[in-house]
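**Student:**
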Amino acid sequence: MAPVRVYNFAAGPAMLPTEVLEIAQAELTDWQGSGMSVMEVSHRGKPFIACAAHAEQALRGVLGVPDNYRVLFLQGGATSQFAALPMNLTEPGDTVAYLHTGQWSIKAIKAAKKQGLTVDVLADEAPSNYTTVPAAGSYTVPAAAKYLHYTPNETIGGVEFDYIPDGAGVPLAADFSSTILSRPLDVARYGVIYAGAQKNMGPAGLAVVIVRDDLIGHARATTPDVWDYAAMAAADSMLNPPPTFAVYLLGLILDWIERTGGLTAMAERNQAKAAALYAAIDDSGFYRNPVDPTVRSWMNVPFTLADAALDADFLKEAEAQGLTNLKGHRSVGGMRASIYNAMPREGVDALIAFMTDFAQRRG
Ligand code: PMP
Numbered sequence: 003m004a005p006v007r008v009y010n011f012a013a014g015p016a017m018l019p020t021e022v023l024e025i026a027q028a029e030l031t032d033w034q035g036s037g038m039s040v041m042e043v044s045h046r047g048k049p050f051i052a053c054a055a056h057a058e059q060a061l062r063g064v065l066g067v068p069d070n071y072r073v074l075f076l077q078g079g080a081t082s083q084f085a086a087l088p089m090n091l092t093e094p095g096d097t098v099a100y101l102h103t104g105q106w107s108i109k110a111i112k113a114a115k116k117q118g119l120t121v122d123v124l125a126d127e128a129p130s131n132y133t134t135v136p137a138a139g140s141y142t143v144p145a146a147a148k149y150l151h152y153t154p155n156e157t158i159g160g161v162e163f164d165y166i167p168d169g170a171g172v173p174l175a176a177d178f179s180s181t182i183l184s185r186p187l188d189v190a191r192y193g194v195i196y197a198g199a200q201k202n203m204g205p206a207g208l209a210v211v212i213v214r215d216d217l218i219g220h221a222r223a224t225t226p227d228v229w230d231y232a233a234m235a236a237a238d239s240m241l242n243p244p245p246t247f248a249v250y251l252l253g254l255i256l257d258w259i260e261r262t263g264g265l266t267a268m269a270e271r272n273q274a275k276a277a278a279l280y281a282a283i284d285d286s287g288f289y290r291n292p293v294d295p296t297v298r299s300w301m302n303v304p305f306t307l308a309d310a311a312l313d314a315d316f317l318k319e320a321e322a323q324g325l326t327n328l329k330g331h332r333s334v335g336g337m338r339a340s341i342y343n344a345m346p347r348e349g350v351d352a353l354i355a356f357m358t359d360f361a362q363r364r365g
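Shown next as structure tokens:
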């Protein structure tokens, strides 16, 4: 009997491509003829060093990372980078600028506030209940700021920027956790890009940091080496054993992205999936998404039912059809369908068919 795979709409850890999991499964107990899994080999041995180099090269190739950027594989997820970013780019007393568009950007802001900085929040989308992004040109970045930080995709609110903010000479730092690899990305516009892996890049724990050369080497003396961009760059991210399985899986995922047409094709599929789901919501008269249509996320689609008393039934019936983890974030309520790269079009179509049927029966 073929193994049963559900359509997992979790926001992260999220669905991974079945094809990739099958490759990992096939070589799990005997990786490259070693008689060991990739988790059991030394990170200092040639095979794993080549595996990590492949993941980096594939990431550089897929994203088009310019030569004057370093790619770092760090631990602690994206949350660690909320603190590592200011630790690497500032001294106490410095000014930093942030755009506040929801629950992930506020976490980044709070981490910066712990570091003795003047944290200038240039825009706060509270008045729209975080269903908008600040308009380009509606805020001024202080020239003295060490960086401007923003969250291109707010995973909880389902809001994404439809433009790249202009740092006006100040380096741009971005938390790409829930949108990296979903479409082409102009890395050269950024000073620092970071992302937790567990949405579009593999297992949880790994944080990928892409940092421009001139921003490396300015860490505070108190910065732990494992989060010091210079120390980790000098050690090829292997000061201590990296999350080897996560790095290996990232390489497999990037190979899969290349095989399936790269980021341009990925963007087309993602946009089409999102458009179909939003259309189904908007046309239903039963479901509702609160986000400004110009900044609706391709990756995370929150929606409510006309009557919240039906939520439990909706979730139970969806689950029975193999549509799992649709419950919305506790702070927002309702539902959330995360439709990252690995969610096939068939999964989105199955969700739409279920939603339409449910609304007809219960609406
Ligand atoms: N930023 C965003 C936008 C996220 O969605 C998340 C996780 N959901 C994080 C940061 C935190 O990442 P991690 O769990 O890897 O620490």
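In my numbering, the protein residues as written are 3 to 365.
Even for Gly, the Cβ is constructed at its ideal location relative to N, Cα and C.
Over what stretch of residues does the beta strand (DSSP E) that includes Met-38 continue unbroken?
**Tutor:** Element bounds for Met-38: n/a, residue is neither H nor E.
**Student:** Would you give the residue range spanned by the beta strand (DSSP E) that Ser-340 belongs to?
**Tutor:** Run containing Ser-340: 337-340, per the beta strand (DSSP E) assignment.
**Student:** From what residue to what residue does the alpha helix (DSSP H) around Ile-166 run?
**Tutor:** Premise fails: Ile-166 is in no alpha helix (DSSP H) and is neither H nor E.
**Student:** Could you tell me the alpha carbon to alpha carbon distance between Arg-338 and Gly-79, rounded to whole angstroms?
**Tutor:** Distance between the alpha carbons of Arg-338 and Gly-79 is about 22 Å.
**Student:** Using the rule of at least 16 other Cβ atoms within 10 Å of the residue's Cβ for burial, across every protein chain shown, is Asn-343 buried or exposed?
**Tutor:** That one is buried.
**Student:** Quick one: is the Cβ of Ala-361 within less than 7 Å of any heavy atom of ligand 1?
**Tutor:** False, no ligand heavy atom lies under 7 Å from that Cβ.
**Student:** Run through DSSP, which three-state label would Asn-272 get?
**Tutor:** Helix at Asn-272.
**Student:** Roughly how many angstroms separate the alpha carbons of Gly-159 and Thr-306, rounded to a whole number?
**Tutor:** Those two C-alpha atoms are separated by around 12 Å.
**Student:** DSSP three-state label for Ala-366, please.
**Tutor:** In this structure the chain extends from 3 to 365, so residue 366 is not present and cannot be described.
**Student:** Less than 8 Å between the CB atoms is what I'm expecting for Val-211 and Tyr-192, so what's the real figure, rounded?
**Tutor:** 11 Å between Cβ atoms; not a contact.
**Student:** Can you pull the DSSP bridge partners for Val-135?
**Tutor:** Val-135 pairs with nothing; no bridge assigned.
**Student:** Less than 8 Å between the CB atoms is what I'm expecting for Val-297 and Ile-341, so what's the real figure, rounded?
**Tutor:** So it is not a contact: roughly 16 Å between Cβ atoms.
**Student:** State the DSSP-derived secondary structure class of Pro-19, mapped to helix, strand or coil.
**Tutor:** Coil.
**Student:** Identify the residues that DSSP records as bridge partners of Lys-329: which are they?
**Tutor:** According to DSSP, Lys-329 bridges with Met-337.
**Student:** Can you tell me which residues form a DSSP beta bridge with Ala-176?
**Tutor:** Paired residue(s): Tyr-152, Ile-195.
**Student:** Nearest to Phe-84 by CA position, among Leu-353, Ile-108, Gly-118, Trp-300, is which residue?
**Tutor:** Measuring from the Cα of Phe-84, the nearest candidate turns out to be Ile-108.
**Student:** Quick one: does the C-beta of Trp-106 sit closer than 7 Å to a heavy atom of ligand 1?
**Tutor:** Correct: Trp-106 has its Cβ closer than 7 Å to ligand 1.
**Student:** Would you tell me roughly how many angstroms separate the C-alpha atoms of Met-3 and Thr-20, rounded to the nearest one?
**Tutor:** With a pLDDT of 46 at Met-3, under the threshold of 50, the modelled position of that residue is not reliable, and no figure is offered here.
**Student:** According to DSSP, which residues form a beta bridge with Ile-212?
**Tutor:** Answer is Val-73, Ile-195.
**Student:** With distances taken between CB atoms, is the gap from Tyr-152 to Leu-101 smaller than 8 Å?
**Tutor:** Yes.
**Student:** For Val-8, which of helix, strand or coil comes out of DSSP?
**Tutor:** DSSP places Val-8 in coil when its eight states are reduced to three.
**Student:** Under the three-state reduction of DSSP, which class applies to Asn-90: helix, strand or coil?
**Tutor:** Correct three-state label for Asn-90: helix.
**Student:** Go to Thr-250, then tell me how far its alpha helix (DSSP H) extends in each direction, as first and last residue.
**Tutor:** The residue asked about is misnamed: residue 250 is Tyr in this sequence, not Thr. 246-261 is the span of the alpha helix (DSSP H), which, as asked, contains Tyr-250.
**Student:** Pick helix, strand or coil for Glu-348, following the three-state DSSP scheme.
**Tutor:** Glu-348: helix per DSSP, three-state reduction.
**Student:** Put Phe-288 into one of helix, strand or coil per three-state DSSP.
**Tutor:** Correct three-state label for Phe-288: coil.
**Student:** From the DSSP secondary-structure annotation, give me the bridge partner or partners of Tyr-100.
**Tutor:** In the DSSP output, where bridge partners are listed per residue, Tyr-100 has Val-123, His-151.
**Student:** Quick check on this structure: which residue in Val-6, Phe-356, Asn-291 has the alpha carbon closest to the alpha carbon of Phe-316?
**Tutor:** Per the Cα distances, Phe-356.
**Student:** When we look at the beta-carbon of Ala-281 and count the other beta-carbons within 10 Å, is it buried (16 or more) or exposed?
**Tutor:** Exposed is the call here.
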